[in-house]
Every structure is written in structure tokens, then in C-alpha cells.
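The opening residue of the sequence shown carries number 611 in the numbering used here; numbering runs sequentially from there.
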Amino acid sequence: MNNEAVLEAIEFSTDVYTQDRGRVIKEDDYGYGFGFDLKVQLVESNDFLTITFRGTTGFENALTDLSYSNLFVNDSLKQVFKELHISNEDDATAHQGFTRALRMLYPDLKYEIQKNPLPLRLYGHSLGGALASLCAYVLALDKSVVNRIDTVITF
């Protein structure tokens, strides 16, 4: 990883809070027992498709952050993967709130990724960092998406 990628990650992670660049996916569904106020930006730049997840910004995001009980793959997380048509045999666990948030965003993200052949850079800060990391994991498992992840930077 080079300094240019780190500086770009900081720039994009700051911009996702204040402006809309490129394709924006917003999710403000209030299902699953608590609210979501999520935002992801997809921008073509420097021969990459850059996907930036916004971090915690308000009460709804704090509820997502606080829904921390792990979901075990053989139980609820496995159901999430099944809904997303992803095969996973790992015994991994994931934070419940982050998993539910990604579940809301993933169908639109997958659609956008499949439309664009560029290598992927995933960035995020705070809640956005957790979603970028979890998204990279899910993308690596999703056989219907060619794994083109170049860089993941979270902070």
C-alpha cells in the first residue's frame, strides 16, 4: 500500500459525509427492529471503482453500532448469506448490527460492482470501516462476483 492510496482513503472517507460524488446508495429502512441511515458512494477514479462507506453520524447509526451480539454462521449469519446467495462454510462470526446493515446495502452494491469491470478499492471510517471490511469478506465469498478487490483501507 502506498501513501497515495491512504490519502485517497482519507479524502473519500471525509467526502462521503459532506457531498455526493459518483453513484450514491442510501438506505434509511427502519425494519429489523431498529433504524438504518446508511450511505455508500461509488466513484470511478484512477482506474479503480472506489466504494466508500460513511461512518456513524447519528442516533440510527449508534443503534447499529450498539447491536453488537455476534451472529454465528450456523445460525443467523448463515441465513444472511443464504439470502444473498453466497456459499460460506467458515465458522466466522460477525457483529449483528454491521451484518444487518450490509444486508441492506449488498444487493445494490453487487449490482453496481457487476456493471463495472474496474478493480475495487473499499474505504471506510468508524461504522463505514466495519462495513468496508465485512463487504470485502462477503465479496470474497460471493462466487457470482469476480473478486477484484485491490485495496481495503479502514480507520
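Every residue gets a Cβ at the ideal spot worked out from N, C-alpha and C, and that includes glycine.
Residue environment, residue i, which counts as buried when at least 16 other CB atoms sit within 10 Å
i, result
"Y721", "exposed"
"E614", "exposed"
"K692", "exposed"
"D647", "buried"
"V756", "exposed"
"A752", "Looking at the sequence itself, residue 752 is Asp, so the reference to Ala does not match. The residue in question, D752, is buried, as its Cβ has 16 or more Cβ neighbours within 10 Å."
"A750", "exposed"
"T709", "buried"
Of the listed residues the options, nearest to residue i (C-alpha basis)
i, options, result
"M714", "L617, L741, R631, F658", "L741"
"S656", "F663, F622, T666, D647", "The sequence as given places Asn at residue 656; Ser does not occur at that position. Nearest C-alpha to N656: F622."
"S754", "G734, G739, T667, K725", "K725"
"P717", "C745, N612, V616", "C745"
"T667", "G734, T761, S743", "G734"
"A704", "I723, V748, L719", "V748"
"F765", "G739, I759, S743", "G739"
Unbroken beta strand (DSSP E) run spanning residue i, endpoints
i, result
"V584", "The structure shown does not extend to residue 584, since the chain is modelled only from 611 through 765, so no value can be given for it."
"T662", "658 to 663"
Residue i: first and last residue of the uninterrupted alpha helix (DSSP H) it sits in
i, result
"D752", "It is not in any alpha helix (DSSP H) - D752 carries neither H nor E in the DSSP assignment."
"F765", "Looking at the DSSP string, F765 is not in any alpha helix (DSSP H), and its letter there is neither H nor E."
"T624", "613 to 628"
Expected contact under 8 Å - CB spacing of residue i and residue j to nearest Å
i, j, result
"P729", "F658", "5 Å"
"I661", "L737", "Going by Cβ atoms, the distance from I661 to L737 rounds to 15 Å, so no, they are not a contact pair."
"V650", "I635", "5 Å"
"I763", "V616", "6 Å"
Near the ligand GDP: residue i beta-carbon under 7 Å from a heavy atom
i, result
"S743", "What this structure holds is no ligand at all, so the ligand GDP is not there to describe."
| At which residue ranges does the stretch 705 to 729 contain complete alpha helix (DSSP H) runs of 4 or more residues, listed in the order of the chain? | 706 to 725
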